[in-house]
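Enquirer: Residue numbers (the numbering used here): 44 to 131. Starting off with a structure, shown below.
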Ligand SMILES: [Zn+2]
């Protein structure tokens with residue numbers, strides 16, 4: 044979450060759970076603090092000169108549009124099918 048790298052679905056599940064679970068909320072704060080320190084310690088990387096252009100072209104490419112939210116869930120990662128259990 045600190046780096047915004049979690050997919051929206053799992054991020055909502057975790058946020059909703061942590062809202063009512065002090066134990067997981069405390070753990071989440073710990074992990075976000077660790078993630079923040081790790082990001083700060085990263086050496087800056089030089090991007091290719093055309094990185095932005097290629098990224099924008101990739102986003103605009105046909106067939107790369109996000110699928111509508113309605114309909115059958117893909118279940119690719121099986122996240123939605125699993126109960127949101129965090130501790131025993
Ligand atoms: Zn919990």
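All C-beta atoms, glycine included, are put in the ideal place defined by N, C-alpha and C.
Tell me where the alpha helix (DSSP H) around residue 67 begins and ends.
Expert: Within the chain shown, numbered from 1, the residue matching residue 67 stands at position 24. Counted as a single uninterrupted DSSP element, the alpha helix (DSSP H) harbouring residue 67 occupies residues 65-84.
Enquirer: Is residue 68 closer than 8 Å to residue 23 when the C-beta atoms are compared?
Expert: For the chain, the structure presents residues 44 to 131; residue 23 sits outside this window and is missing.
Enquirer: Got a sec: does ligand 1 put a non-hydrogen atom nearer than 7 Å to the Cβ of residue 31?
Expert: Since the displayed the chain opens at 44 and closes at 131, residue 31 lies outside it and no answer follows.
Enquirer: Could you pull out every residue in the same chain whose Cβ sits closer than 8 Å to the Cβ of residue 49, ignoring the five residues on either side in sequence?
Expert: On the chain shown, residue 49 is found 6 positions in, with the first residue counted as 1. Hits under 8 Å: 57.
Enquirer: What's the C-alpha gap between residue 64 and residue 54?
Expert: Position 21 of the chain shown, counted from the first residue, corresponds to residue 64. Position 11 of the chain shown, counted from the first residue, corresponds to residue 54. Going by the C-alpha atoms only, they are around 15 Å apart.
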